[in-house]
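Those protein sequence lines, which keep their order, are chains A and B.
Going by full-length UniProt numbering, 81 is the number at position 81 of the first sequence; the sequence numbering is gapless.
Going by full-length UniProt numbering, 251 is the number at position 251 of the second sequence; the sequence numbering is gapless.
2 protein chains.
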Amino acid sequence: MGTTGHDVVIVGAGFAGLTAARELHAAGCDILLLEARCRVGGRALTRFLPDGTQLDLGGQWIGPAQTRIGELVRHFGIDTYPTPEHGDPVVDYGGERRTDVPAEAGRLLAEIDALSRQVPPERPWAAEQATAADRQTFASWLAASGHPEQAQRYVGRVISGGLLAGSPAETSLLETLFYVASGGGVDALLGYRGGAQETRIVGGAQHIAERMADELPPGALRLGEPVVGVEHGADGVRVVTRLAAYPAAHAVIALPPVLAGQLRHDPPLSALRAGALQRQAAGTALKVHAVYPEPFWGADGLSGLSTSDSGVLTETVDNTPPGAPRAVLTAFAYGDEAVALRRSSPEERQAAVTERLGALFGERARQPQEFITHDWLAQEWTRGCFSAHFAPGGRTAFGGLLHTPEGRLHWAGTETAVHGNGYFDGAVESGLRAARDVLAARTPSSTG
Amino acid sequence: MGTTGHDVVIVGAGFAGLTAARELHAAGCDILLLEARCRVGGRALTRFLPDGTQLDLGGQWIGPAQTRIGELVRHFGIDTYPTPEHGDPVVDYGGERRTDVPAEAGRLLAEIDALSRQVPPERPWAAEQATAADRQTFASWLAASGHPEQAQRYVGRVISGGLLAGSPAETSLLETLFYVASGGGVDALLGYRGGAQETRIVGGAQHIAERMADELPPGALRLGEPVVGVEHGADGVRVVTRLAAYPAAHAVIALPPVLAGQLRHDPPLSALRAGALQRQAAGTALKVHAVYPEPFWGADGLSGLSTSDSGVLTETVDNTPPGAPRAVLTAFAYGDEAVALRRSSPEERQAAVTERLGALFGERARQPQEFITHDWLAQEWTRGCFSAHFAPGGRTAFGGLLHTPEGRLHWAGTETAVHGNGYFDGAVESGLRAARDVLAARTPSSTG
């Protein structure tokens, strides 16, 4: 294998791969970006109903602390708008219907926030008590926390579901705290105004990725060309797709862990990387969209936001874009509830969700005009959302090598990020870091 | 896709795939068995040093309760011999060097055994308290068990390491109890005489697999032909390798979960199966063999068996075959210790292991003539040993579908077994079950 081909081949045109491609191109590298799908954007996917109603089927929000993705939005002059927050949220807490988070749950959230500040996101395995915190599930920690059971239940769903897209059984206390620390704390992550859900993108989040792709040189992006394997040696790499093989000096793998593990590597990946990839299951979030003629919940003084400690849905949000012809209520199920919904037929699934929407927002919510689901866990080129997380014990054992290059292979993707892990912002950070790693590793002779 | 090809294509020629192939052939099916490696046997691999000393680099033992694999051994008239147990074991317990397991650890083991009897291996998710037991790691349960800390530490290593090849952080209480129940209880699993390590195979465990392969019809086994993907439809399947595509009425995927997840499926696998496969990481066992001119430990009255609650090795065993020219001491590291050894260079690894062997068995153990490691986690066509286990939360959410066919795709492998899960016996059981499923699913027109 020589370096007669490209300087760098990047695998995966989500935000991480697009960022790495842009950075490396800007630094004068000859790059090729390969994408299995016929579109860019990874876990961002924007679609429009025939009447023009915009739906973000995947990631959609940007918070003020997420400076890297924010910079891109500004760079492209993309319009944004604040997530609407008129009216009251519904907080379904222990069978009680409230408009605020009870103080007892707030205290538990504050304790998690305080604990997260003891976990350095750059080196979570080096935190004091890291091993002990990685040996217990977040569920066990909650159960032993001394907080009221109701608060445990609510906070477990809001944190492990709403943030990590799973259940408190699936990740350790350490992994949970790392995620919170990586995102800047509980308030930043859960919040709308001032928080991670503050801003939406006019035209949808996928649009940012499309603008990033537009700036790549002609021919540098190949869509609809799944990568099958990567050969790598001391002199270079060869990235093999269903259509061709592309030699290059370096490769950047910008895929979710489970997809990175599906590539055929020659020579095979190291034992430790295999162990790391095996231990990062993706979240099970199921995001559904119910479309109505109008945001009727506003007439009842409701914002469309809800959080629940029971029922099939953990949260809902008014997802109506400004000026849209119709109104969109978007709802999320996580963990065991999301698994149960997937065991049901599409009809049963819709019935279960709309019944719950009815309980939260009244009779009219039971009868959406449209009901749209996009199951990322079923998508061959994603396999789970929002992002992947280490199973208990995994972060301390394997976390340290996530962004360590393996020879001429470099690793990106939001799961490898230090800040904004799991978000667009982390994906961008990881792409910047991988690009820096490649540039640092380039030999004088290959830098031209 | 039609059924003009084979009746059944089986992917993977370990004990599960070989069993399915034999059963289906015996039932009159036209079968094809595809194997990536140039040998059969999966996680059984027997090699001989130039002087004839036999080494089982993977699975090697059979217990009296493991009737399915035992029947095969008898069927082929393969000779066996008991694992030697002359002399005393070393039990390194809290810095004390003993020859038996302390009563306090025995009581903890007995409690685990009793709990495991409450978990039906056919339906562990239906056990009373299954959800609670799946939400906590085995480490958390141990810590809250009320048993002495030293017993927790010893038993954690012996059970999660010696049986599940990982750390108590990685699996839930439920998964641990399921594994114990599946194997017939703590005594059966940990024991030598009367237990799962009672019997060794003359000529090595791989030899059983070779005999199974010998009985297949000519041309039915294709070695060195990795399967890349499986196309499946209502009428049949097409199993795609690097060399060809084989149409068939049914396919049996007899691979460890992580490899099953690496196949390209068209249409893609269901969301639930993807979720299940993502959550089953394989064990991290590192099995090493130190070869000496003679079993010098016998002169000190030692059996070569050891278990330790500290140090890099959790257990050792005298692995000298009868009549072998040299003596073999085999040692196992698991979990964090196995990960740490993999971070070291081969030289550092050998030094760390032989230093520990010296501490357990005296100076002479520090200077083996040969030191052989075979890292199954690094093996492209295995990726971890002994077997895979669900991360916390996984068994209750996803365990129920492990042996549910997906259309014309059937699932085998020891990880799908009810009894002997993780052992040869479970692999054979899974192959028998998958064959039965295929035969039950065959339409009258295709049974010829």
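Every residue gets a Cβ at the ideal spot worked out from N, C-alpha and C, and that includes glycine.
Keep in mind it's a predicted model, so treat the numbers as computed, not measured.
Listed by chain order, chain A residues near residue i by CB distance under 8 Å
i                  : result
Ala-378 of chain B : Pro-268, Ser-270, Ala-271, Ala-274
Phe-296 of chain B : Going along chain A, no residue has its Cβ under 8 Å from Phe-296 of chain B, so there is no contact; the nearest lies around 32 Å.
Contact set for residue i: own chain, Cβ-Cβ below 6 Å, skip 5 residues either direction
i                      : result
Thr-416 of chain B     : Leu-402, His-403, Ser-430
residue 458 of chain B : Since the displayed chain B opens at 1 and closes at 448, residue 458 of chain B lies outside it and no answer follows.
Ala-441 of chain B     : none
Gly-58 of chain B      : Arg-43, Ala-44, Leu-45
Val-288 of chain A     : Ala-331, Val-353, Thr-373
Ala-435 of chain B     : Ala-20, Glu-23, Leu-24
Ala-327 of chain B     : Tyr-292, Glu-294, Pro-295, Thr-320
Contact set for residue i: own chain, Cβ-Cβ below 7 Å, skip 5 residues either direction
i                  : result
Ala-338 of chain A : Thr-284, Ala-285, Leu-286
Leu-109 of chain A : Val-155, Val-186
Gly-275 of chain B : Phe-398
Gly-194 of chain A : Pro-64
Val-438 of chain A : Val-8, Leu-24, His-250, Val-252, His-410
Pro-325 of chain A : Asp-51, Gly-52, Thr-53
Minimum C-alpha distance to residue i - residue among the options
i                  : options                                    : result
Thr-99 of chain B  : B:Glu-85, B:Leu-109, B:Ile-112, B:Ala-110  : B:Glu-85
Ile-208 of chain B : B:Arg-74, B:Pro-322, B:Gln-54, B:Glu-370   : B:Arg-74
Tyr-192 of chain B : B:Pro-257, B:Trp-61, B:Val-11, B:Gly-400   : B:Trp-61
Gly-304 of chain B : B:His-6, B:Leu-34, B:Pro-89                : B:Pro-89
Ala-17 of chain B  : B:Leu-302, B:Ala-427, B:Val-438            : A small correction: the amino acid at residue 17 of chain B is Gly; Ala does not occupy that position in the sequence shown. The candidate whose alpha carbon is nearest that of Gly-17 of chain B is B:Ala-427.
Val-312 of chain B : B:Gly-298, B:Arg-342, B:Thr-320, B:Pro-295 : B:Arg-342
Val-227 of chain A : A:Pro-321, A:Glu-380, A:Ala-65, A:Phe-76   : A:Glu-380
Val-317 of chain B : B:Arg-200, B:Thr-137, B:Pro-64, B:Glu-225  : B:Arg-200
Ile-31 of chain A  : A:Glu-370, A:Glu-215, A:Ala-130, A:Pro-405 : A:Glu-215
Gly-204 of chain A : A:Val-40, A:Leu-34, A:Val-8                : A:Val-40
Arg-273 of chain B : A:Ala-271, A:Ala-282, A:His-265            : A:Ala-282
Arg-211 of chain A : A:Ala-378, A:Val-158, A:Leu-72             : A:Leu-72
His-250 of chain B : B:Ala-143, B:Gln-54, B:Trp-411, B:Gly-161  : B:Trp-411
Gly-400 of chain B : B:Ala-105, B:Leu-277, B:Asp-336            : B:Leu-277
Residue i (DSSP reduced to helix, strand or coil)
i                      : result
Ala-435 of chain B     : helix
Gly-448 of chain B     : Confidence at Gly-448 of chain B is low in this model, with a pLDDT of 39, below 50, so the placement of that residue is unreliable and no value is reported for it.
Phe-390 of chain B     : strand
Thr-284 of chain B     : strand
Tyr-423 of chain A     : coil
Tyr-192 of chain A     : coil
residue 476 of chain A : This structure cannot settle anything about residue 476 of chain A, because the visible part of chain A is limited to 1 through 448.
Trp-141 of chain B     : helix
Leu-163 of chain A     : coil
Gly-70 of chain B      : helix
Asp-7 of chain A       : strand
Pro-346 of chain A     : helix
Val-312 of chain A     : coil
His-75 of chain B      : helix
Glu-231 of chain A     : strand
Ala-378 of chain A     : helix
Val-291 of chain A     : strand
Contacts around residue i, its chain only, beta-carbon distance under 8 Å, and the 5 residues preceding and following it disregarded
i                      : result
Asn-421 of chain A     : Pro-121, Phe-178, Tyr-179, Ser-182, Gly-183, Ser-387, Thr-414, Glu-415
residue 450 of chain B : What the structure shows of chain B is the stretch from 1 to 448, and residue 450 of chain B is not part of that stretch, so it cannot be assessed.
Leu-432 of chain B     : Thr-19, Ala-20, Glu-23, Arg-68
Partner residues on chain B for residue i, Cβ-Cβ distance less than 8 Å
i                  : result
Val-339 of chain A : Leu-272, Gly-275, Ala-397, Phe-398
Gly-384 of chain A : Ala-274, Gly-275, Gln-278
Gly-261 of chain A : Val-258, Gly-261, Gln-262
Residue i - containing beta strand (DSSP E), residue span
i                  : result
Gly-304 of chain B : 302-308
Val-91 of chain B  : 88-93
Asp-318 of chain A : 315-318
Phe-332 of chain A : 327-333
Ile-31 of chain A  : 31-34
Phe-15 of chain A  : It is not in any beta strand (DSSP E) - Phe-15 of chain A instead sits in the alpha helix (DSSP H) that spans 15-26.
Listed by chain order, chain B residues near residue i by CB distance under 9 Å
i                      : result
residue 506 of chain A : A question about residue 506 of chain A goes unanswered here, because the residues of chain A that appear run from 1 up to 448.
Thr-80 of chain A      : Simply none; closest approach about 32 Å.
Neighbour list for residue i in chain A, Cβ cutoff strictly below 7 Å
i                  : result
Gly-169 of chain B : Correcting the residue type first, residue 169 of chain B is Ala in the shown sequence and not Gly. Under the 7 Å cutoff, chain A gives Asp-134, Arg-135, Pro-392, Gly-393.
Ala-281 of chain B : Gln-278, Arg-279, Ala-391
Arg-107 of chain B : Those within 7 Å of Arg-107 of chain B in chain A number zero; the least Cβ separation is about 22 Å.
Delimiting residues of the alpha helix (DSSP H) encompassing residue i
i                  : result
Gln-54 of chain A  : Per DSSP, Gln-54 of chain A belongs to no alpha helix (DSSP H); it is in the beta strand (DSSP E), 54-56.
Arg-123 of chain A : Neither: Arg-123 of chain A is in no alpha helix (DSSP H) and is coded neither H nor E.
Thr-131 of chain A : 130-134
Proximal chain A residues relative to residue i, where beta-carbon distance stays under 9 Å
i                  : result
Thr-284 of chain B : Ala-271, Gly-275, Ala-397
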